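*Asks:*
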Ligand SMILES: Cc1cc2nc3c(=O)[nH]c(=O)nc-3n(C[C@H](O)[C@H](O)[C@H](O)COP(=O)(O)OP(=O)(O)OC[C@H]3O[C@@H](n4cnc5c(N)ncnc54)[C@H](O)[C@@H]3O)c2cc1C
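Numbering (the working numbering), first residue to last: 322 to 745.
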């Protein structure tokens, strides 16, 4: 809702090109970091543009700090586990792990990894708009610490989580539940630390005093303490709204912080008497916003029935996991046996040189609730980076790349599928 009379402006500027690359990746979360690495490993010049000052997306910036199990620890995700949390590495790729990690260590690891992989990362670089020529994106306009700059590329991979570039370039999208457009709620993650001695419960002015579990924002206690170092990772706040709506996010950022202090106070009186608040995520965590309408849309039926696709790019058995979008204190959690995500979920009908990887791929609300977790986003990103490289080498549209070449290159980058792909 705007407070002013509706008015539109034309905004024209001459903007200098800052750099050009074979592959420009927008957003440095799980999908974006994997996309950048896989393309760079194929000899491509890669630029990764990240809005914040850190890589890892929700996994670091949003302090998610747990990898949910997907039953396939493979490719770049497996490499990350091997290099950062060796003790969690499963012997076989088709096992499930759910390690809790330090977001600070992962953040540092990703910075160093990008240097090793020769990916040029531009921090504090927020995508603003696309410059198109027919069916191709020629450049993206980015707000940087030096003002607006253009970045040219042969291929673009939109890993912003919100499909920002795809939407700007005219790709149709959906958002939230089919019936009312409501998205999963936002959560501000935080950590507490065991100090080993009683702490005085904290409750700043304006916060809530929760007495019962039913009073808590999610109506439940949800935390992890797996690392034996006194770190308690807490996922217990919940604010209704859409993470791409200005008013909803404004409300969520302040309301969720109130909830953080209130939950801390509750925990300090209920089992965590020696724990102090040690870290609050830099921004409220956003689970769901926009899904592109791609050449294939992953559905609830695909997830429930375990559909297999000839152009599979990621495999997961993570459950359907919907935090109630409408303010109820419930979760719709349903186990699934495993399914494929096809390449066409990342491809649009409108653009020849742009792919969308990560949580904003073409999927229904229910399907998205299962595919959105980090390990799956790493897998999608890795496949997108390879696909963009192939499209560059073969001078073709991302729609027309050889799936055989995509699978061969995924395999050469140590991606293993646990179920054989069959045509659907
Ligand atoms: C509260 C919460 C709890 C969760 N719990 C878990 C869990 O326990 N385990 C798990 O595996 N998953 C969990 N998830 C899901 C998971 O974290 C996300 O779905 C996943 O990180 C999505 O990856 P992504 O790369 O698609 O996008 P994101 O992680 O959202 O990363 C997008 C990146 O793009 C950047 N960006 C955005 N807009 C722009 C722009 N205009 N220009 C440049 N950069 C931009 C962002 O700063 C960010 O770095 C949780 C999510 C939330 C919100």
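Backbone N, C-alpha and C define an ideal beta-carbon position, used for all residues, glycine too. Note that the coordinates shown come from a computational prediction; the quantities given were computed from them, not determined experimentally.
Buried or exposed: residue 506, going by 16 or more other Cβ atoms within 10 Å of its Cβ?
*Replies:* Here residue 506 corresponds to residue number 185 of the chain shown, with the count starting at 1. With 16 or more other Cβ atoms within 10 Å, it is buried.
*Asks:* Pairs of beta-carbons, one from the segment 531 to 543 and one from the segment 617 to 630, closer than 8 Å: are there three or more?
*Replies:* Taking 8 Å as the limit for Cβ pairs, the verdict is that the segment 617 to 630 does not touch the segment 531 to 543.
*Asks:* Here's a check: name, in chain order, each residue in its chain whose Cβ is nearer than 7 Å to the Cβ of residue 559, leaving out the five neighbours to either side.
*Replies:* In the chain shown, counting from the first residue as 1, residue 559 sits at position 238. Around residue 559: 506, 508, 538, 539 and 644.
*Asks:* Quick one: grab the DSSP three-state call for residue 686.
*Replies:* Start at 1 with the first residue of the chain shown, and residue 686 comes out as number 365. If DSSP states are grouped into helix, strand and coil, residue 686 belongs with the helices.
*Asks:* State yes or no: is the C-beta of residue 389 within less than 9 Å of the C-beta of residue 694?
*Replies:* Position 68 of the chain shown holds residue 389. Position 373 of the chain shown holds residue 694. Going by C-beta atoms, residue 389 is nearer than 9 Å to residue 694.
*Asks:* Hey, would you say residue 596 sits closer than 9 Å to residue 674, going by beta carbons?
*Replies:* Here residue 596 refers to the residue found at position 275 of the chain shown. Here residue 674 refers to the residue found at position 353 of the chain shown. Cβ atoms of residue 596 and residue 674: not closer than 9 Å.
*Asks:* Can you tell me which of the three DSSP states residue 473 falls into?
*Replies:* Taking the chain shown and counting its residues from 1, the one referred to as residue 473 is at position 152. Strand.
*Asks:* Pick helix, strand or coil for residue 574, following the three-state DSSP scheme.
*Replies:* Within the chain shown, residue 574 is the residue found at index 253, counting from 1. Correct three-state label for residue 574: helix.
*Asks:* In chain order, which alpha helix (DSSP H) runs of at least 4 residues are fully inside the segment 461 to 511?
*Replies:* With a minimum length of 4 residues, the continuous alpha helix (DSSP H) runs that stay inside the segment 461 to 511 are 485 to 489.
*Asks:* So is the beta-carbon of residue 607 under 8 Å away from any non-hydrogen atom of ligand 1?
*Replies:* Indexing the chain shown from 1 puts residue 607 at position 286. At least one heavy atom of ligand 1 is nearer than 8 Å to the Cβ of residue 607, so yes.
*Asks:* Have a look at residue 457 and residue 665 and give me their C-alpha separation to the nearest angstrom.
*Replies:* To locate residue 457, count along the chain shown from 1; it is residue 136. To locate residue 665, count along the chain shown from 1; it is residue 344. Rounded to whole angstroms, residue 457 to residue 665 spans 18 Å at the Cα level.
*Asks:* For residue 553, is the classification buried or exposed, using 16 other Cβ atoms within 10 angstroms of its Cβ as the cut-off for buried?
*Replies:* Your numbering for residue 553 matches position 232 in the chain shown. With 16 or more Cβ atoms within 10 Å of its Cβ, residue 553 is classed as buried.
*Asks:* Measuring CB atoms only, is the segment 633 to 652 touching the segment 573 to 586, in the sense that at least three cross pairs come out at less than 8 Å?
*Replies:* No: the two stretches stay apart, fewer than three of their Cβ pairs being nearer than 8 Å.
*Asks:* Any idea if residue 363 is buried or exposed, counting beta-carbon neighbours within 10 angstroms, 16 or more meaning buried?
*Replies:* By 1-based counting over the chain shown, the position of residue 363 is 42. Label assigned to residue 363: buried.
*Asks:* By how many angstroms is the C-alpha of residue 729 removed from the C-alpha of residue 742?
*Replies:* By one-based count along the chain shown, residue 742 stands at place 421. By one-based count along the chain shown, residue 729 stands at place 408. Here the model assigns residue 742 a pLDDT of 49, short of 50, so the residue's position is not dependable, and the following value carries that caveat. Each residue's Cα considered, the two are about 13 Å apart.
*Asks:* Fully enclosed by the segment 348 to 403, which beta strand (DSSP E) runs are 3 residues long or longer?
*Replies:* The segment 348 to 403 contains these whole beta strand (DSSP E) runs: 367 to 370.
*Asks:* Quick one: Cα of residue 343 to Cα of residue 472, how far?
*Replies:* To locate residue 343, count along the chain shown from 1; it is residue 22. To locate residue 472, count along the chain shown from 1; it is residue 151. So the alpha carbons of these two residues sit roughly 11 Å apart.
*Asks:* Which term fits residue 326, buried or exposed, when burial requires 16 or more other beta carbons within 10 angstroms of its beta carbon?
*Replies:* Here residue 326 refers to the residue found at position 5 when the chain shown is read from its first residue. With fewer than 16 other Cβ atoms within 10 Å, it is exposed.
*Asks:* Quick check: does the Cβ of residue 372 come within less than 8 Å of any heavy atom belonging to ligand 1?
*Replies:* Along the chain shown, read from residue 1 onward, the residue named residue 372 stands at position 51. It does: the Cβ of residue 372 is within 8 Å (strictly closer) of some heavy atom of ligand 1.
*Asks:* Looking only at its chain, what residues have a beta carbon closer than 8 Å to the beta carbon of residue 752, apart from the 5 residues adjacent to it on each side?
*Replies:* Summary: the structure shown does not reach residue 752, with the chain confined to residues 322 through 745, and so no result is reported for it.
*Asks:* Taking the alpha carbon of residue 609 as the point to measure from, which residue in 697, 483 and 703 has its own alpha carbon closest?
*Replies:* Numbered from its first residue, the chain shown carries residue 609 at position 288. Residue 609 has its Cα closest to that of 483, out of 697, 483 and 703.
*Asks:* With H, G and I counted as helix, E and B as strand and the rest as coil, what does DSSP make of residue 706?
*Replies:* For the purposes of this step, residue 706 is taken as residue 385 along the chain shown, with counting starting at 1. Looking at residue 706 - three-state DSSP - the assignment turns out to be helix.
*Asks:* Taking the Cβ atom as the reference point for each residue, do residue 370 and residue 438 lie within a distance shorter than 9 Å?
*Replies:* Mapped onto the chain shown, residue 370 falls at position 49. Mapped onto the chain shown, residue 438 falls at position 117. Going by C-beta atoms, residue 370 is not nearer than 9 Å to residue 438.
*Asks:* Shorter than 8 Å, the distance from the beta carbon of residue 380 to the closest heavy atom of ligand 1, or not?
*Replies:* As a working mapping, residue 380 is identified with position 59 in the chain shown. Yes; taking the cut-off as 8 Å, the Cβ of residue 380 has a heavy atom of ligand 1 nearer than that.
*Asks:* Buried or exposed for residue 744, please, with buried defined as at least 16 other CB atoms from any protein chain shown within 10 angstroms of its CB.
*Replies:* Along the chain shown, read from residue 1 onward, the residue named residue 744 stands at position 423. Because residue 744 sits at a pLDDT of 44, beneath the cut-off of 50, its placement in the model cannot be relied upon, and the point is left open.
*Asks:* Would you check if there are 3 or more beta carbon pairs closer than 8 Å linking the segment 653 to 664 to the segment 334 to 343?
*Replies:* In short, these stretches do not touch, since the Cβ pair count stays below three.
*Asks:* Just verifying my parser: in three-state terms, what is the DSSP assignment at residue 453?
*Replies:* Walking along the chain shown from the start, residue 453 turns up at place 132. DSSP places residue 453 in strand when its eight states are reduced to three.
*Asks:* Once the 5 residues before and after residue 731 are set aside, which same chain residues still bring their CB inside 8 Å of it?
*Replies:* Residue mapping note: residue 731 aligns to position 410 of the chain shown, counting from 1. The answer, listed in chain order, is 396, 634, 703, 704 and 707.
*Asks:* Confirm, please, whether the CB-CB distance from residue 427 to residue 377 is below 9 Å.
*Replies:* Here residue 377 is taken as the residue at index 56 of the chain shown, counted from 1. Here residue 427 is taken as the residue at index 106 of the chain shown, counted from 1. Yes; because the gap between Cβ atoms is below 9 Å, this pair is in contact.
*Asks:* What is the DSSP secondary structure of residue 340, counted as helix, strand or coil?
*Replies:* By 1-based counting over the chain shown, the position of residue 340 is 19. DSSP places residue 340 in strand when its eight states are reduced to three.
*Asks:* Assign residue 501 to buried or exposed, taking buried as 16 or more other Cβ atoms, counted over all protein chains shown, within 10 Å of its Cβ.
*Replies:* As a first step, residue 501 must be located in the chain shown, where it is residue number 180. So residue 501 ends up on the exposed side.
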